[in-house]
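Below you'll find the structure, written out as structure tokens, and then a few comments.
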Amino acid sequence: MKHITVIIASILFSTLFYDQKIGLNLSIFSVVCIITLMISNINKFKNKTTIFHTIIYLHTAVLVFFQHTSLSILANILAFITLLGSVSESRSSIYVQWYNGLFTSIAGYFHRIFYSKDAQKKQIKKDVDVLHLAKLIGVPLVFMIVFIVLYKNGNPIFNDLISKINLSFINLKWILFTVLGYFLFSNIFNPVQIELATNKDLQTGNILHQTELFSTDILAKEKQLGTVLLFFLNILIVFYLTTDIISLKTINWSEAHVVSSQVHNGINALIASIAIAIIIILYFFRGNLNFYEENKILKNLAYVWIILNVLLVILITLKNYNYIISFGLTYKRIGVKIYLFLTLAGLITTFLKVSKVKNLWFLFRVNTQIAFVLLVVLSIINWDYSITKYNINHAQSLDLDYLITLSENNAELLNEYRKANNLSSNQNKKIITKYQDYLKDVNDRNWQEYTYSNFELKAITKTSRNHEYTK
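For the sequence shown, the positions run 602 to 1072 when this note's numbering is used.
Here's what the structure looks like:
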């Protein structure tokens, strides 16, 4: 059953992806992968975590078809790796699932052969069978070729018959691609795990425990150092925040380069500040100091430091928001928003780590889960289209040249804008060229490469023809 399933899946893999671009094929591939996994791991799919990751994987596959963005493709690939890791061990942390999923997709087949005792016993017998099979095929084939060459020279009629044999229909690249698909599906048919990493993860909780090396003298000195350090750092960040608030009134929001400088300088300060804040807090609250009775002042200073950094995040968010209102959305400005959100999440989880006496594993587990969910959520949006639509309708200063450089996802929207507005001849020409390239690309796609835009474009064309007919 396994070999039949893998062979069928590998042929489908070649049919879907050989010499094709990403489109409908990735969605079909996702369904094939889920079916393959369910055939060999049906009990694993009764687990709620695995079911959840399956839904996420299907969700990202649908997004690839509808959105056809690089982000949705990336989310689908990561969701695929996560699903494999969840099937191998659903209780493990998400970053361990990534590790197991990636390892499975690359080397799962060989892991099962070389690291399973039962598989090793079977492998000895299998090696003999494979060698015998190679002899049965290879030896006769070699002698057949030798004698064909000899007979061709001795018989002109036989030579003519052999010369008429046309083997051009054999596509070696397609065969190699199918072999690659067979290798991939052989790997994922029964996902494996790195036992050392997985077991370590399962055995380690989120709570920090007091160790035997508890010395009040050492902890008192550490607490004193941390208190002095965080006290002066809090004073410094208060001074910085005060001056930053005052500077908001002096910014000329109509000058792009001034606002850009302010935002990016703020981001640089934020990166350094947050990194130092988290490292300092993690250092002082890494162990027994959490259980030292006289650590309340240090903890309160840590809380204040985190809150002040949150205020810094809010100020940078405000600057970035005003920047977007004035000059519209760009990927860099969206990237700033994402970074600010992740920074805020990092600060909150660090606050929980200190207040709830959590360990580093807690931070890794929670923050990687947040990052994964954020990637899936962000992949829902067609960013090139959304950026273009927002900037056309809301930006006080429209950078049309930037919008033209985005992907073809905004080609139709730009073409409508071109028809409704008087643009320069250069911009007009660029948009027309972009729109024509978009139409050509959509119309030239094979069925494997189809996206929602193919059906949307056909519907628009049909509506236009009907409209012309009624006239």
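Where a beta carbon is used, it is the ideal one built from N, C-alpha and C, also for glycine.
Inset, instruction - State the beta-bridge partners of lysine 959 as determined by DSSP. - result: Ile808
Legend entry - Collapsed DSSP secondary structure at proline 792 in the structure displayed: Coil, per DSSP.
Inset, instruction - Flag this pair as touching only if the region 734 to 752 and the region 811 to 828 have three or more C-beta atom pairs under 8 Å; answer yes or no. - result: no
Legend entry - Straight-line Cα distance separating alanine 1012 from tyrosine 986: Cα to Cα, tyrosine 986 sits roughly 8 Å from alanine 1012.
Legend entry - Distance between alanine 870 and alanine 970 (C-alpha atoms, nearest Å): Rather than alanine, the amino acid found at residue 970 in this sequence is glutamine. Whole-angstrom Cα-Cα distance: 26 Å.
Inset, instruction - Please look up how many angstroms separate the CB atoms of threonine 950 and valine 967, rounded, as I've assumed it's under 8 Å. - result: The Cβ separation is near 5 Å, so the contact holds.
Legend entry - Contact under 7 Å by Cβ, leucine 948 with asparagine 910: yes
Inset, instruction - Would you grab the beta carbon distance between phenylalanine 666 and leucine 785 for me? Rounded to a whole angstrom, and I think it's under 8 Å. - result: Rounded, the Cβ-Cβ distance is 21 Å, inconsistent with contact.
Inset, instruction - Specify, as a first and last residue, the run of the alpha helix (DSSP H) that glutamine 997 falls within. - result: Careful: glutamine 997 lies outside any alpha helix (DSSP H) and carries neither H nor E.
Inset, instruction - State whether the region 696 to 711 contacts the region 983 to 1000, with contact taken as three or more CB pairs (one from each stretch) at a distance under 8 Å. - result: With the rule of 3 Cβ pairs closer than 8 Å, the region 696 to 711 does not count as touching the region 983 to 1000.
Legend entry - Cβ shell of valine 688 (< 7 Å), same chain only, five flanking positions each side left out: Leu638, Asn642, Lys645, Thr651, Pro792
Inset, instruction - Sort Lys933, Asn891, Val663, Leu979 by Cα distance to leucine 672 and report the nearest one. - result: Scanning Lys933, Asn891, Val663, Leu979 for the CA closest to the CA of leucine 672 turns up Leu979.
Legend entry - Where isoleucine 1005 falls: helix, strand or coil (DSSP): helix
Legend entry - Sequence-distant residues of its chain with Cβ nearer than 7 Å to arginine 934 (five each side left out): Asn921, Tyr924, Ile925
Inset, instruction - Let me know the alpha helix (DSSP H) ranges lying completely inside the region 644 to 713, each 4 residues or longer, listed in chain order. - result: 649 to 668, 671 to 689
Legend entry - Outcome for lysine 603 when other beta-carbon atoms lying within 10 angstroms are tallied against a minimum of 16: Around the beta carbon of lysine 603, fewer than 16 other beta carbons lie within 10 angstroms, which makes this residue exposed.
Legend entry - Residues near serine 628 in its chain [Cβ-Cβ closer than 8 Å; skip 5 each side]: Ala662, Val663, Val665, Phe666
Legend entry - Coarse secondary structure for serine 628, derived from DSSP in three states: Residue state, collapsed to three classes: helix.
Inset, instruction - Can you grab the Cα-Cα spacing for the pair threonine 989 / isoleucine 674, in whole Å? - result: 21 Å
Legend entry - Whole-Å CB distance - glycine 929 paired with aspartate 1045, under 8 Å assumed: So it is not a contact: roughly 32 Å between Cβ atoms.
Inset, instruction - Check whether the region 1017 to 1026 touches the region 1041 to 1055, taking contact to mean three or more Cβ pairs, one atom from each stretch, closer than 8 Å. - result: Contact between the region 1017 to 1026 and the region 1041 to 1055 is absent, with fewer than three C-beta pairs closer than 8 Å.
Inset, instruction - Helix, strand or coil for phenylalanine 621, going by three-state DSSP, please let me know. - result: It is worth fixing the name first, because residue 621 is glutamine in this sequence and not phenylalanine. In the three-state DSSP reduction, glutamine 621 falls in the coil class, being neither helix nor strand.
Inset, instruction - Hey, could you find the ends of the alpha helix (DSSP H) glycine 827 is sitting in? - result: 817 to 849
Inset, instruction - Can you tell me which of Ile993, Leu913, Leu684, Asn835 puts its alpha carbon nearest to the alpha carbon of aspartate 845? - result: Leu913
Legend entry - Supposed contact pair serine 693 and threonine 799 - C-beta distance, whole angstroms, cut 8 Å: Going by Cβ atoms, the distance from threonine 799 to serine 693 rounds to 5 Å, so yes, they are a contact pair.
Inset, instruction - Specify the secondary structure class of tyrosine 783 as computed by DSSP and reduced to three states. - result: helix
Legend entry - Per-residue burial, valine 977 [other beta carbons within 10 Å of its own, 16 or more giving buried]: buried
Inset, instruction - Going by CA-CA distance only, name the one from Gln621, Tyr658, Phe618 that's closest to valine 632. - result: Tyr658
Inset, instruction - Could you check which residue in Asn835, Val955, Ile907 has the C-alpha nearest to that of tyrosine 893? - result: Val955
Inset, instruction - Could you tell me the distance, in whole angstroms, from the CA atom of tyrosine 884 to the CA atom of leucine 834? - result: Between tyrosine 884 and leucine 834, the C-alpha separation is close to 15 Å.
Legend entry - Cα-Cα separation, phenylalanine 759 to methionine 745: 14 Å
Legend entry - alanine 972 versus glycine 702 - alpha carbon distance: Going from the Cα of alanine 972 to the Cα of glycine 702 covers about 17 Å.
Legend entry - Three-state secondary structure (DSSP) of tyrosine 556: Within the shown structure, residues of the chain are numbered from 602 to 1072, placing residue 556 beyond reach of any answer.
Inset, instruction - Rounded to whole angstroms, what's the CA-CA distance from isoleucine 612 to phenylalanine 630? Just pull it up for me. - result: 11 Å
Legend entry - Three-state secondary structure (DSSP) of leucine 814: Here DSSP, grouped into helix, strand and coil, assigns leucine 814 to coil.
Legend entry - Delimiting residues of the alpha helix (DSSP H) encompassing isoleucine 758: Residues 757 to 764.
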